[in-house]
Each structure stands twice: as structure tokens, then as C-alpha cells.
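Per the working numbering: the sequence shown = residues 419 to 638. Taking it in order: structure first as C-alpha cells, then the write-up.
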Amino acid sequence: MKLKKGFLITVEGCEGCGKSTQSKLLEQYLRKKGFKVVLTREPGGSVVAEQVRGILLNPKSKLSPVCELMLYESARAQHVEEIIKPNLKKGYIVVCDRFTDSTIAYQGYARKIDIKKIEKLNDIATDSITPDLTIYLDIKPHIGIQKAKSESLKDSFKNGDRIERESISFHNAVRKGFVALAKKFPERIKTVKTNPVIEKTQAAVNTEIDKFLMKKKIYV
Ligand code: TMP
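Below, the structure is given as C-alpha cells:
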């Protein structure tokens, strides 16, 4: 099925919430329904943005909070221009593993940078593109972080990447941020409690996707 204008669906959550797995499953679910889908991620998703990801996640990088914020936004600006915008224009559904809400939660709530300033930078980096739907996968940080650290070998960082190594109070602040965002934007952000059984979380995500498609009057 070809949409006139695509949709941007973002998947958000704390470390170890299963975003990447659920994003992949969501991509397959939408493809099976006949949509053209692009799966991407932040930070990353384009060649340059993936290079910036390497700097951001490397535990050896010593970054000030503002430098960190700017790097996330730089990676985003390139990713939006190169991947997100053209695919939305072509009528694709873009599924993005993390996006602007992560910056509010991590750099705003956890690093304590002024949220109004971050909102402005998000707006510049995205050229005012906002997600049509956001799935927030809720997990308690002390449970998620163990899982995340064991998986971060995928980015070849033993004992976790630079952000995963932050304190539990940092990760609790991130979660507080996501919960506050979900409360502030109930139409856009749908909370799904993660279940240790992947299929159960997947079913809850799919329910939200079906509701969204119905709301958009897309029957497939
Ligand atoms: P992940 O994609 O494996 O979750 O790793 C990305 C890390 O970057 C994760 O710890 C969350 C963090 N992050 C921010 O701090 N700010 C952002 O704007 C984004 C997109 C991610």
C-alpha cells in the first residue's frame, strides 16, 4: 500500500526496554500489512550520523553536557535530511528507534539542560518534523540496565556504552522524563509496559498501531 504522505513512528524508552527488538518486529508487522517501511535509529541512521554515534557512545569520549546535546542534534539534522524527510515524502512509514523525546528525557531531565532550549534545538534539527505516533516502552531502570549492558557488546563496548554507565539516579531521571512526556502528549505518545515475554509486548504494540491506523482511517 502506498500512502500519499508517510508517517513517522518513533519507539522510545529507557535502556534495555527492548526498543530495537520491538522496532524490528513493528517493521515486519507493517510490511505484512503491505506498507513500504524504513527502519532507522538515532543516534545514527546515516553514514555521518553513525560516525557521530560512535563518538557519543564511546566511554572514552569526555563530553560536556552541551557538547553531548549538540552532537545528538547534529546527528539528527543529517539523519532527518538524508533519511527521514525523503522517505516520508515517498509515502513510506519510517520507524525510528529513538528520536526527539530521548533528548528531552536524557539531556533535559537527566543532564538538566533547560528543556525549552532543547525543544528549540529539536525543532531546528528536525526542520519541525514531529512523530505521528510514539510508542513508549516502559521498564524499571534497574531491570533494563542489566540487560542493556549485556547487549551493548553490539556496539563493541564491554560493561556498557558511555550512557549505560551512568548512575541509577540518572536512569531514573530519564524514566521520569519519558513518563512526563507521555502525560503531556497523550494523543501522540502511547505507553506500553514491557513484558519479559517479547510476544506479549509485541501484541500490545500492535494494538496501538492498529488503533493509530484506524484513527487515520487506513483499513488494512
Ligand atoms: P541505543 O540506541 O542503543 O539506545 O543508544 C543510544 C543512547 O543514546 C541511549 O543511551 C540513549 C542516548 N540518547 C540520548 O542521550 N539522547 C538522544 O537524543 C538520543 C537519540 C539518544
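Don't be surprised by glycine CBs; every beta carbon is placed ideally from N, CA and C. No experiment lies behind these values; they were computed from the predicted model shown.
Mapping the DSSP letters down to three states, classify residue i as helix, strand or coil.
{"i": "C514", "result": "strand"}
{"i": "R459", "result": "strand"}
{"i": "T612", "result": "coil"}
{"i": "D556", "result": "strand"}
{"i": "F630", "result": "helix"}
{"i": "G431", "result": "strand"}
{"i": "F425", "result": "strand"}
{"i": "I607", "result": "strand"}
{"i": "V551", "result": "Here residue 551 is Leu; the residue named in the question, Val, does not match the sequence. Strand."}
{"i": "D545", "result": "coil"}
{"i": "M393", "result": "Residue 393 lies beyond the range of the chain shown here (419 to 638); nothing can be said about it."}
{"i": "D519", "result": "helix"}
{"i": "S587", "result": "helix"}
{"i": "K508", "result": "coil"}
{"i": "E582", "result": "coil"}
{"i": "K635", "result": "coil"}
{"i": "N624", "result": "helix"}
{"i": "P477", "result": "coil"}
Roughly how many angstroms separate the alpha carbons of residue i and residue j, rounded to a whole number?
{"i": "K422", "j": "K634", "result": "12 Å"}
{"i": "E486", "j": "A566", "result": "20 Å"}
{"i": "P655", "j": "R516", "result": "A question about residue 655 goes unanswered here, because the residues of the chain that appear run from 419 up to 638."}
{"i": "A621", "j": "Q525", "result": "31 Å"}
{"i": "L448", "j": "G424", "result": "12 Å"}
{"i": "R593", "j": "N540", "result": "19 Å"}
{"i": "K480", "j": "V638", "result": "49 Å"}
{"i": "K611", "j": "N590", "result": "16 Å"}
{"i": "Q440", "j": "G595", "result": "21 Å"}
{"i": "S520", "j": "T625", "result": "23 Å"}
{"i": "D545", "j": "V465", "result": "20 Å"}
{"i": "I536", "j": "E582", "result": "21 Å"}
{"i": "I533", "j": "L426", "result": "23 Å"}
{"i": "K602", "j": "K478", "result": "36 Å"}
{"i": "E491", "j": "E430", "result": "16 Å"}
{"i": "A495", "j": "T518", "result": "11 Å"}
{"i": "K538", "j": "P604", "result": "21 Å"}
Short of 6 Å in beta carbon distance, which residues of its chain neighbour residue i, apart from the five on each side in sequence? Order them along the chain.
{"i": "L489", "result": "V470, L474"}
{"i": "I502", "result": "V512"}
{"i": "G463", "result": "H497, I501"}
{"i": "E445", "result": "V455, L457, V513"}
{"i": "A493", "result": "P461, A467, V470"}
{"i": "A600", "result": "Y554, I607, T609"}
Please return the same chain residues whose Cβ sits closer than 8 Å to the Cβ of residue i, not counting the five positions on each side in sequence.
{"i": "Q564", "result": "G434"}
{"i": "S438", "result": "R459, D515"}
{"i": "E584", "result": "A528"}
{"i": "P483", "result": "Q525, R529, K530, I531"}
{"i": "A598", "result": "Y527"}
Step through the CB atoms of chain D and report whether any lies within less than 8 Å of the CB of residue i.
{"i": "L475", "result": "Although the question refers to chain D, the structure presented lacks it and comprises just one protein chain."}
Given residue i, which residues of its chain have a CB within under 7 Å of its CB, disregarding the five upstream and five downstream residues?
{"i": "H361", "result": "Given a span of 419 to 638 for the chain in the structure shown, any question on residue 361 remains unanswerable."}
{"i": "K442", "result": "L457"}
{"i": "G452", "result": "M419, V638"}
{"i": "V623", "result": "Q440, L444, I553, V610"}
Original post:
Counting Cβ pairs closer than 8 Å, one from the stretch 548 to 557 and one from the stretch 574 to 589, do we hit at least three?
Top reply: For the pair of segments examined, the stretch 548 to 557 was found not to touch the stretch 574 to 589: the number of CB pairs separated by less than 8 Å stays below three.
Using 8 Å as the threshold, is the stretch 554 to 562 in touch with the stretch 494 to 513, meaning 3 or more CB pairs across them? By the C-beta criterion, the stretch 554 to 562 is judged not to be in contact with the stretch 494 to 513, since fewer than 3 inter-stretch pairs fall below 8 Å.
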